[in-house]
Amino acid sequence: MRKKFVAGNWKMNTTAEEGVKLAAAIAREAGSLPSDVAICPPFVYLQTVASALKGSRVALGGQDMYFEAKGAFTGEISGAMLKDVGCAYVILGHSERRHVIGETDALINKKMHAALVAGLLPILCVGETLDERESNRTMEVVGRHVREGFKGLSAEAAGKVTIAYEPVWAIGTGRNATAQQAQEVHAEIRGMIQQMYGPAIAQAIRIQYGGSVKPENAREILAQPDVDGALVGGACLKADSFLAIARA
Ligand code: PGA
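Basically our numbering = 1-based index in the sequence shown + 1151.
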């Protein structure tokens, strides 16, 4: 049985003070949650938020990282730096990085390798745009994101990855995928992992759904057999709604 995993992606939100309050409120309740939980604050608040999480079972994650280990890469953050401040996870290939910042599958794959070398657990985001869904190219696009994201990863490394299926049209729009739409894509992704790495890894790997997850829709989506958790944006900025999703 896969344990559910709910992660909050704070994106470019909160002040340091708000971040600490939010983290502390989640940490206080975390002991009673049935799922694994992680929060991913902005880089500059990781260390302060880490102190607020100390002793709790809430894991910390970065929202991105660079693939080089160190050196002259102005403005970038390495996997080792994320580890150093207490991160267990790192989100890679989020749709905002793919579509706003322009990250390619090749770049994201380099980051996947670098994250694993640094001892981080990647959360690889994949998902189609509205245009791609409407022209029946969902699995072509999601399939490419998965294949290219995992390129060159050993089975052992692949087993450390969480996949987040996040249809771009559902992110921040209030328009979530239906439970059935999510289940369909999740099952296809698991099938791909089975072809690439065999049944044991396919059965163990966690596939989160992301895109307008709220307390009101979390239960139905999370009840799907291949939905193993959620990557939450907007609704993770309030402790109550994030905790309600983690309880769903
Ligand atoms: P949302 O964002 O919950 O605000 O739609 C999800 C995400 O981008 O991970």
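Cβ coordinates follow ideal geometry from the N, Cα and C atoms, glycine included. Please read all numbers here as calculations on a predicted model, not as lab measurements.
Beta-ladder partner(s) of residue i, from DSSP
i: Ala1158; result: Ala1189 and Leu1382
i: Cys1276; result: Ala1315
i: Arg1357; result: Thr1313
i: Ala1217; result: According to the sequence displayed, residue 1217 carries Tyr and not Ala. Ser1229.
i: Val1241; result: Gly1213 and Pro1273
Member of the options whose CA lies at the smallest distance from the CA of residue i
i: Pro1376; options: Pro1318, His1337, Gln1214 and Pro1193; result: His1337
i: Leu1197; options: Ala1167, Glu1247 and Leu1184; result: Ala1167
i: Ile1274; options: Gly1300, Thr1289 and Thr1324; result: Gly1300
i: Glu1254; options: Gln1354, Gly1212 and Cys1276; result: Cys1276
i: Glu1335; options: Val1236, Leu1184, Gly1278 and Met1263; result: Gly1278
i: Pro1193; options: Gly1206, Ala1201, Arg1208 and Asn1164; result: Asn1164
i: Ser1229; options: Cys1238, Lys1205, Glu1219 and Lys1311; result: Glu1219
i: Cys1387; options: Tyr1316, Val1378, Leu1373 and Lys1365; result: Lys1365
i: Ile1344; options: Thr1199, Gly1294 and Ala1381; result: Gly1294
i: Tyr1348; options: Ala1374, Lys1205, Gly1303 and Thr1324; result: Gly1303
i: Ala1321; options: Asn1260, Gly1385, Pro1350 and Ala1231; result: Gly1385
i: Ser1363; options: Gly1159, Lys1205, Ala1353 and Val1297; result: Gly1159
i: Ala1266; options: Leu1233, Asn1368 and Arg1284; result: Leu1233
i: Val1383; options: Glu1339, Ala1231, Ala1189 and Ser1305; result: Ala1189
i: Glu1371; options: Ala1390, Arg1398, Ile1352 and Leu1258; result: Arg1398
Secondary structure of residue i, DSSP reduced to three states
i: Ile1340; result: helix
i: Gln1345; result: helix
i: Ile1322; result: coil
i: Arg1295; result: helix
i: Gly1212; result: strand
i: Val1200; result: helix
i: Ser1246; result: helix
i: Glu1283; result: helix
i: Gln1375; result: coil
i: Lys1234; result: helix
i: Arg1258; result: According to the sequence shown, residue 1258 is Leu rather than Arg. Leu1258 falls in the helix class under three-state DSSP.
i: Val1364; result: coil
i: Met1152; result: coil
Counted within 10 angstroms of its Cβ, other Cβ atoms place residue i as buried (16 or more) or exposed
i: Thr1096; result: Because the chain here runs from 1152 to 1399, residue 1096 falls outside it and cannot be looked at.
i: Asn1287; result: exposed
i: Thr1313; result: buried
i: Glu1247; result: buried
i: Val1187; result: Inspection of the sequence shows that residue 1187 is occupied by Asp rather than by Val. Buried.
i: Ile1177; result: buried
i: Lys1262; result: buried
i: Ser1202; result: exposed
i: Val1200; result: buried
Closer than 8 Å to chain C by CB, residue i
i: Glu1219; result: Absence of chain C from the displayed structure is noted, only one protein chain being present.
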